[in-house]
Amino acid sequence: MRVLISGAGIAGPALAYWLDHYGFETTIVEKAPRLRTGGYVIDFWGSGFDVAQRMDLLEEIQRKGYRLDEVRVVDRTGRRTSGFPAAAFARATKGRYVSLPRGDLAAAIFARLGGRVETIFDDSILALSEEADRVRVDFASGVRREFDLVVGADGLHSRLRELVFGPQHQFERFLGYKAAAFEIDGYRPRDELVYVMYTEVGQQAARFAMRGDRTVFLFTFADPDPDTGDLAAQRALLRQRFGSSGWECPAILEALDRAGEFYFDRVSQIRMNAWSRGRVALVGDAAYCVSLLAGQGSALGMAGAYILAGELHRANGDYRIAFARYHALLGPLIEAKQEAALRFAGTFAPKSRLALAVRNRIFDLLSIGWIADLAVGRDLADRIELPDY
Ligand SMILES: Cc1cc2nc3c(=O)[nH]c(=O)nc-3n(C[C@H](O)[C@H](O)[C@H](O)COP(=O)(O)OP(=O)(O)OC[C@H]3O[C@@H](n4cnc5c(N)ncnc54)[C@H](O)[C@@H]3O)c2cc1C
1299 MRVLISGAGI
1309 AGPALAYWLD
1319 HYGFETTIVE
1329 KAPRLRTGGY
1339 VIDFWGSGFD
1349 VAQRMDLLEE
1359 IQRKGYRLDE
1369 VRVVDRTGRR
1379 TSGFPAAAFA
1389 RATKGRYVSL
1399 PRGDLAAAIF
1409 ARLGGRVETI
1419 FDDSILALSE
1429 EADRVRVDFA
1439 SGVRREFDLV
1449 VGADGLHSRL
1459 RELVFGPQHQ
1469 FERFLGYKAA
1479 AFEIDGYRPR
1489 DELVYVMYTE
1499 VGQQAARFAM
1509 RGDRTVFLFT
1519 FADPDPDTGD
1529 LAAQRALLRQ
1539 RFGSSGWECP
1549 AILEALDRAG
1559 EFYFDRVSQI
1569 RMNAWSRGRV
1579 ALVGDAAYCV
1589 SLLAGQGSAL
1599 GMAGAYILAG
1609 ELHRANGDYR
1619 IAFARYHALL
1629 GPLIEAKQEA
1639 ALRFAGTFAP
1649 KSRLALAVRN
1659 RIFDLLSIGW
1669 IADLAVGRDL
1679 ADRIELPDY
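Letter by letter, the sequence shown follows residues 1299 to 1687 in this note's numbering.
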């Protein structure tokens, strides 16, 4: 069977890897001229970690990744006010936890394709029409081709979802926050293996020092307006919200002009009743974005890719059976993660002084081993058994 995948982020190449493994003829089309790099650091564990192991990726991911020592909350002068040792994450996941740049994970997955999968950069699906035995696809480049199945792995703002399932607003649940992330070379100070965060009511800035004298920054803030505007408006909004904040915020914003790839978006989830329609399916953020508040979207994108490909293989290409099994297997886990993310929202940008103080005291309690194990263990667990296909 010929399968077209839209999107070479995390879920798309992971799906391509498994489809190729099972003998499907696979093509990826990616809108960007090359793989996206940089951006932000992700935490990686759970079922996605297990899939990475089955793809023989662990060694590389561990090498490129970081094992955090501490999560540290500072006040406007940079003095530590709260925090906890990150060992709780490692214990709760039996050491199967790593933090790494999203771009490095994406590149590692893509490299595992070993050139076996046709990949078209700088192009995208313009239109598609489904017939009884195939899907005709028109690409933006003007090329027209036919496939047996088409899968959208094109992220939170999926174009394929819009083309086949309907407009984004039908499925998007905006969570009332925006986020910006970027990387700066040579920033000072550095605190190795410490995730340093400064929180004010309704907003938070954080930094993490990486190898090669790079530092990655993540800004999150409450904002009821879902409009994200253009690049100039995004930078202006960031300056307006954080320009006169405490800690290192003014210095970081000053260095913003030196930053590489700039990520800015609203924080949303995608909630759909069905992840497939006819010969078209969705995977990863396109189908079920859990949002950055869940800290697990990449891992769940990989788990979804593994299950979708495995079910197609198991059903011998009968996509009706495979798509239904894929949703039935993964759906309950996604629902649980999306609900957990909503509960977690307040810790990113607490909406009152009281909520901020309570969060900081909870962080302090996480310094006590058994409390951390209890609290962190519950939220980190993925209640799913990955099938062996
Ligand atoms: C700030 C932040 C922090 C996060 N932290 C974590 C974390 O700690 N742990 C974690 O696991 N996850 C985290 N996530 C979530 C994670 O990054 C996403 O869930 C993950 O990248 C989703 O993978 P994906 O392949 O579904 O989509 P994406 O990674 O978004 O990839 C989609 C791809 O599709 C391409 N594309 C878009 N439109 C088209 C089109 N029309 N045609 C062709 N190609 C197209 C894009 O260029 C992109 O390459 C975080 C996200 C953010 C924003």
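All C-beta atoms in this analysis are idealised placements derived from N, C-alpha and C, irrespective of residue type, glycine included.
- Restricting attention to 1323, 1639, 1504, the CA atom closest to the CA of residue 1567 is found in 1639.
- Per DSSP, residue 1343 lies in no alpha helix (DSSP H) segment; the continuous beta strand (DSSP E) that holds it begins and ends at 1339-1343.
- Taking all protein chains in view, the Cβ of residue 1301 is crowded by 16 or more other Cβ atoms within 10 Å, so the residue is classified as buried.
- By the neighbour-count definition (other C-beta atoms within 10 Å, threshold 16), residue 1648 is a buried residue.
- Here residue 1363 is not near residue 1394, since their CB atoms are 9 angstroms or more apart.
- Under the rule that a run must span 4 or more residues, the alpha helix (DSSP H) segments found entirely inside the region 1419-1491 read 1457-1462.
- Residue environment for residue 1487: exposed (fewer than 16 other C-beta atoms within 10 angstroms of its C-beta).
- Leaving aside the five residues that flank residue 1627 on each side, the residues in its chain whose CB is nearer than 6 angstroms to its CB run, in chain order, 1605.
- Rounded to the nearest angstrom, the Cβ distance from residue 1423 to residue 1304 is 5 angstroms, consistent with a contact under 8 angstroms.
- In terms of CA proximity to residue 1630, 1681 leads the group 1525, 1681, 1319, 1494.
- For secondary structure counted as the alpha helix (DSSP H) over 4 or more consecutive residues, the region 1530-1606 holds these complete runs in sequence order: 1547-1553, 1583-1586.
- Under a 10 Å Cβ-count criterion, residue 1501 is classified as buried, with 16 or more other Cβ atoms of the shown protein chains found around its own Cβ.
- Fully contained in the region 1305-1377 are the following alpha helix (DSSP H) runs of length 4 or more, in chain order: 1309-1319, 1344-1352, 1356-1362.
- Between residue 1603 and residue 1330, the gap from beta carbon to beta carbon reaches 9 angstroms or more.
- Here DSSP, grouped into helix, strand and coil, assigns residue 1303 to strand.
- Leaving aside the five residues that flank residue 1391 on each side, the residues in its chain whose CB is nearer than 8 angstroms to its CB run, in chain order, 1343, 1344, 1347, 1678.
- If you compare the alpha carbons of 1644, 1558, 1580, 1417 with that of residue 1617, the shortest gap goes to 1580.
- The secondary-structure analysis by DSSP pairs residue 1633 with nothing; it has no beta-bridge partner.
- Scanning the region 1634-1680 for uninterrupted alpha helix (DSSP H) segments of 4 residues or longer gives 1651-1663, 1667-1678, listed from N- to C-terminal end.
- Relative to ligand 1, the nearest heavy atom lies less than 8 angstroms away from the CB of residue 1595.
- In this structure residue 1441 does not touch residue 1577 by the C-beta definition: roughly 19 angstroms separates them, more than the 8 angstroms allowed.
- Segment contact: the region 1535-1542 against the region 1443-1459, fewer than three CB-CB distances shorter than 8 angstroms; contact not assigned.
- Rounded to whole angstroms, the separation of the alpha carbons of residue 1600 and residue 1412 is 18 angstroms.
- With 16 or more other Cβ atoms inside 10 Å of its own Cβ, residue 1543 counts as buried.
- For residue 1516, the beta-bridge partners assigned by DSSP are 1479, 1504.
- Residue 1306 places its beta carbon less than 9 angstroms from that of residue 1326.
- When distances are taken from the beta-carbon of residue 1581 to the heavy atoms of ligand 1, the shortest one is below 8 angstroms.
- Within the chosen limit of 8 angstroms, ligand 1 reaches the beta carbon of residue 1456 through at least one heavy atom.
- Taking a 10 Å sphere around the C-beta of residue 1513, we find 16 or more other C-beta atoms and assign the residue as buried.
- For residue 1527, the three-state secondary structure derived from DSSP is coil.
- For residue 1382, the beta-bridge partners assigned by DSSP are 1369.
- With contacts defined as CB atoms closer than 9 angstroms, residue 1659 and residue 1380 qualify as a contacting pair.
- The DSSP-derived three-state label of residue 1683 is coil.
- The shortest CA-to-CA distance from residue 1666 to any of 1482, 1559, 1383, 1511 is the one to 1383.
- Looking from the CA of residue 1483, the closest CA among 1557, 1373, 1522, 1447 belongs to 1557.
- Here residue 1583 is buried, its C-beta having at least 16 other C-beta atoms within 10 Å.
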